[in-house]
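Down below is the structure, laid out as structure tokens.
Protein chains: 2
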Amino acid sequence: MTTVACAQLELAVGDAAGNRAAAEEAVAEAAAAGAQVVVLPELANSGYVFADAAEAAALAEPVDGPAVTAWSAAARRHGVTLVAGLCERDADGRVRNSAVLIDPSGELRARYRKAHLFGTEAEFFVPGDERPPVVEVPSVGRIGVMVCYDLEFPEWVRLAALAGTELLCAPVNWPRFPRPDGERPGEVVRVQADAAVNRLYVAACDRAGEERGTAWTGGSVIVDPDGFPLAGHRPTEGPTLLLAECDPARARDKRLGDHNDVFGDRRPELYEP
Amino acid sequence: MTTVACAQLELAVGDAAGNRAAAEEAVAEAAAAGAQVVVLPELANSGYVFADAAEAAALAEPVDGPAVTAWSAAARRHGVTLVAGLCERDADGRVRNSAVLIDPSGELRARYRKAHLFGTEAEFFVPGDERPPVVEVPSVGRIGVMVCYDLEFPEWVRLAALAGTELLCAPVNWPRFPRPDGERPGEVVRVQADAAVNRLYVAACDRAGEERGTAWTGGSVIVDPDGFPLAGHRPTEGPTLLLAECDPARARDKRLGDHNDVFGDRRPELYEP
Numbered sequence: 001m002t003t004v005a006c007a008q009l010e011l012a013v014g015d016a017a018g019n020r021a022a023a024e025e026a027v028a029e030a031a032a033a034g035a036q037v038v039v040l041p042e043l044a045n046s047g048y049v050f051a052d053a054a055e056a057a058a059l060a061e062p063v064d065g066p067a068v069t070a071w072s073a074a075a076r077r078h079g080v081t082l083v084a085g086l087c088e089r090d091a092d093g094r095v096r097n098s099a100v101l102i103d104p105s106g107e108l109r110a111r112y113r114k115a116h117l118f119g120t121e122a123e124f125f126v127p128g129d130e131r132p133p134v135v136e137v138p139s140v141g142r143i144g145v146m147v148c149y150d151l152e153f154p155e156w157v158r159l160a161a162l163a164g165t166e167l168l169c170a171p172v173n174w175p176r177f178p179r180p181d182g183e184r185p186g187e188v189v190r191v192q193a194d195a196a197v198n199r200l201y202v203a204a205c206d207r208a209g210e211e212r213g214t215a216w217t218g219g220s221v222i223v224d225p226d227g228f229p230l231a232g233h234r235p236t237e238g239p240t241l242l243l244a245e246c247d248p249a250r251a252r253d254k255r256l257g258d259h260n261d262v263f264g265d266r267r268p269e270l271y272e273p
Numbered sequence: 001m002t003t004v005a006c007a008q009l010e011l012a013v014g015d016a017a018g019n020r021a022a023a024e025e026a027v028a029e030a031a032a033a034g035a036q037v038v039v040l041p042e043l044a045n046s047g048y049v050f051a052d053a054a055e056a057a058a059l060a061e062p063v064d065g066p067a068v069t070a071w072s073a074a075a076r077r078h079g080v081t082l083v084a085g086l087c088e089r090d091a092d093g094r095v096r097n098s099a100v101l102i103d104p105s106g107e108l109r110a111r112y113r114k115a116h117l118f119g120t121e122a123e124f125f126v127p128g129d130e131r132p133p134v135v136e137v138p139s140v141g142r143i144g145v146m147v148c149y150d151l152e153f154p155e156w157v158r159l160a161a162l163a164g165t166e167l168l169c170a171p172v173n174w175p176r177f178p179r180p181d182g183e184r185p186g187e188v189v190r191v192q193a194d195a196a197v198n199r200l201y202v203a204a205c206d207r208a209g210e211e212r213g214t215a216w217t218g219g220s221v222i223v224d225p226d227g228f229p230l231a232g233h234r235p236t237e238g239p240t241l242l243l244a245e246c247d248p249a250r251a252r253d254k255r256l257g258d259h260n261d262v263f264g265d266r267r268p269e270l271y272e273p
């Protein structure tokens, strides 16, 4: 079994040092609680609600910058796999809404750039055009990575699933939208469906608190291959640490009952555009 | 606005006359309550739990057989659009798990054959290999049709959505599976996601009761383009009539807030296998 954590943090836009400290503290706390995989929110180095493109650019860091360096040290120190959202400056100086996967040795194993931009993000970011990475981490499992709004495109989740993802880790920042009384956030429902139709685990780590007038949903959730939450059954608007036991072997088995297989039952020849 | 009904019926395997009578009564009741569109369960002529392939074949009917003839008369008499699941015998004598759409004039406008077979269905049915139809019904909207397990393939729902579906009508027979306390049936969660990621309405009509030891979920639900239930918030194991007001114009608008569009934000060039 693999213990997976989502560290739903309250971050501060522009406070790079404070955000690094919050991440380091969260990783230490999660590791102390037994976590082997820790997911942090989207844009965990920078915060999300930028005043303008210049601010986003100023906060962006390369993947060998202070945030990833600090996260890598924390992953190594605590022996965890870390997935975190990064406001990235790429080699050409473009700003990307990225996520990194760092293994327990501290090695950067994957850098993914969000392909589906939400809200005003196109003012700040250049979208990615590479598929979600899938990284095998020994004694943990095969981890896929994507970011927030990517989860709302079932085609994208399917690609990650078909590429072997057992645990899909997604840094997210879900702005709080109105919803009917008694309903879960729609984003959580979509994550449940993503998990079930692909029979894999999903750990989506949301933000806590508010930022420049934007309130976050606090909807972090860890979902099992049946699509039911293992942790995060209801939003918690403050910071919180979710923990769940996941069995990657369960996500390698795509059978559904005695007669079905969620991959084998696909009719790809009929899906072509 | 279009008033949509799901008539969650208790049917009896093999009792073709009784099942026709139940359907006629349900259409009358739904129409009296104001319904313009009525959805019936999967295999509404035959029942679902066949003893063997010979029984399924004996209960199968062509689309000009007694069931569709009776449904057509009921649709015309009450001025409703009817979508119902049909155990169909095709022109080559093969048995199909189909659905028909009959308009308020009584005309058969579409016949769809389930493309994704569930459980032991492959022992009884030949799967379809045509895409879900989308039918424009004047003053009602553009109705897409698929059957039960088809809904669990987001590629399939996306095709129906991209083809212009505003209201996706799905006859289903959801066998009752265990679920954690307080959780909705997974099938309902998946329908909610289907609706939200495509910003369309979904009306899924389930069965009531039990059949030869198989208990049905009774999870009929009508979901809006935000993915929230308009009716059928929790399963009702007995027969029930769900009604909801749907605004097809809402489902023609794929915008999500001021900056997004759930179709326009797709990256189809990245999705190719």
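Those sequence lines, one after another, are chains A and B. Numbering-wise, UniProt numbering puts 234 at position 234 of the first sequence, and it's gapless, one number per residue. Numbering-wise, UniProt numbering puts 177 at position 177 of the second sequence, and it's gapless, one number per residue. Glycine included, each C-beta is placed from N, C-alpha and C at the ideal position.
Asked: For a minimum of 3 consecutive residues, which ranges assigned as the beta strand (DSSP E) are wholly contained in the stretch 118-183 of chain B?; Found: 134-137, 141-145, 167-171
Asked: Who are the Cβ neighbours of Pro133 of chain B in its own chain at under 6 Å, not counting the five residues just before and after it?; Found: Ala110, Tyr112, Val145
Asked: How about Ser72 of chain B and Gly106 of chain B: do their beta carbons lie closer than 9 Å?; Found: yes
Asked: Determine whether the Cβ of Thr236 of chain B lies closer than 9 Å to any Cβ atom of chain A.; Found: no
Asked: Could you tell me which chain B residues have their CB closer than 7 Å to the CB of Arg201 of chain A, listed as they occur along the chain?; Found: Here residue 201 of chain A is Tyr; the residue named in the question, Arg, does not match the sequence. The contacting residues do not exist; Tyr201 of chain A stays about 15 Å from chain B at best.
Asked: To the nearest angstrom, how far is the alpha carbon of Val147 of chain B from that of Ala99 of chain B?; Found: 7 Å
Asked: Hey, Asp206 of chain B and Pro154 of chain B: beta-carbon distance below 9 Å or not?; Found: no
Asked: Interface residues of chain A around Pro62 of chain B at Cβ under 9 Å?; Found: Here the premise fails: no neighbours, minimum Cβ distance about 24 Å.
Asked: Across the stretch 55-65 of chain B and the stretch 224-244 of chain B, are there enough close Cβ pairs to call them in contact, namely three or more that are closer than 8 Å?; Found: no
Asked: What residues of chain A sit near Asn173 of chain B, judged by a beta carbon separation below 8 Å?; Found: Those do not exist, as Asn173 of chain B stays about 14 Å from chain A at its closest Cβ, beyond 8 Å.
Asked: Would you call the stretch 199-217 of chain A in contact with the stretch 168-178 of chain A, where contact means no fewer than 3 C-beta pairs closer than 8 Å?; Found: yes
Asked: Quick one: complete beta strand (DSSP E) runs, 3+ long, within the stretch 31-118 of chain B?; Found: 37-39, 81-89, 95-102, 108-113
Asked: Going along the chain, which residues of its own chain have a beta-carbon closer than 6 Å to the beta-carbon of Leu163 of chain B, five neighbours each way excluded?; Found: Residue identity differs from the one stated: residue 163 of chain B is Ala in this sequence, not Leu. Around Ala163 of chain B: Val134.
Asked: Nearest to Gln36 of chain A by CA position, among A:Val63, A:Val49, A:Ile143, is which residue?; Found: A:Ile143
Asked: Give the DSSP-derived three-state secondary structure of Asp194 of chain A in the structure shown.; Found: helix
Asked: Would you call the stretch 235-250 of chain B and the stretch 262-270 of chain B touching, i.e. three or more CB-CB distances under 8 Å?; Found: no
Asked: Who are the neighbours of Val189 of chain B on chain A, taking C-beta pairs under 8 Å?; Found: Val189, Gln192, Ala193, Ala196, Gly227
Asked: Am I right that Ala74 of chain A and Glu24 of chain A are in contact with their C-beta atoms under 8 Å? What's the rounded C-beta distance?; Found: 5 Å
Asked: Hey, does Trp156 of chain B have any beta-carbon neighbour from chain A nearer than 9 Å?; Found: yes
Asked: From B:Asp90, B:Val83, B:Glu88, B:Gly213, pick the residue whose C-alpha is nearest to that of Leu101 of chain B; which is it?; Found: B:Val83
Asked: Which of the three DSSP states is assigned to Ala204 of chain B in this structure?; Found: strand
Asked: Going by alpha carbons, who is nearest to Leu159 of chain A out of A:Pro268, A:Tyr48, A:Leu40?; Found: A:Pro268
Asked: Starting from Arg267 of chain B, find everything on chain A with Cβ-Cβ shorter than 7 Å and list it in chain order.; Found: Ala115, His116
Asked: Applying a beta-carbon distance threshold of less than 7 Å, which residues of chain B neighbour Asp129 of chain A?; Found: Leu270
Asked: Touch check for the stretch 8-17 of chain A and the stretch 233-240 of chain A: three-plus C-beta pairs under 8 Å?; Found: yes
Asked: Just checking: is the beta-carbon of residue 294 of chain B within a distance shorter than 9 Å of some beta-carbon in chain A?; Found: This structure gives no information on residue 294 of chain B, because the portion of chain B shown stretches from 1 to 273.
Asked: Sort A:Val63, A:Pro178, A:Val95 by Cα distance to Phe125 of chain A and report the nearest one.; Found: A:Val95
Asked: Considering only DSSP beta bridges, list what Val4 of chain A is partnered with.; Found: A:Val37, A:Ala244
Asked: Nearest chain A C-beta to Arg94 of chain B closer than 9 Å, yes or no?; Found: no
Asked: For chain B, is any of its Cβ atoms less than 9 Å away from the one on residue 282 of chain A?; Found: Beyond the ends of chain A as shown, which are 1 and 273, falls residue 282 of chain A; an answer cannot be given.
Asked: Look at the Cβ atom of Tyr48 of chain A, then the Cβ atom of Thr214 of chain A, and state whether they are nearer than 9 Å.; Found: yes
Asked: Distance, Cα to Cα, His233 of chain A vs Ala26 of chain A?; Found: 21 Å
Asked: To the nearest angstrom, report how far apart Pro104 of chain A and Val191 of chain A are at their CA atoms.; Found: 26 Å
Asked: Going along the chain, which residues of the stretch 233-264 of chain B sit with their C-beta nearer than 7 Å to a C-beta in chain A?; Found: Gly257, His259, Asn260
Asked: Could you check the C-alpha separation between Glu130 of chain B and Ala115 of chain B for me, to the nearest Å?; Found: 8 Å
Asked: For Glu152 of chain A, would you say it is in contact with chain D, using Cβ-to-Cβ distances shorter than 9 Å as the test?; Found: Chain labels in this structure do not include chain D; the protein chains are A and B.
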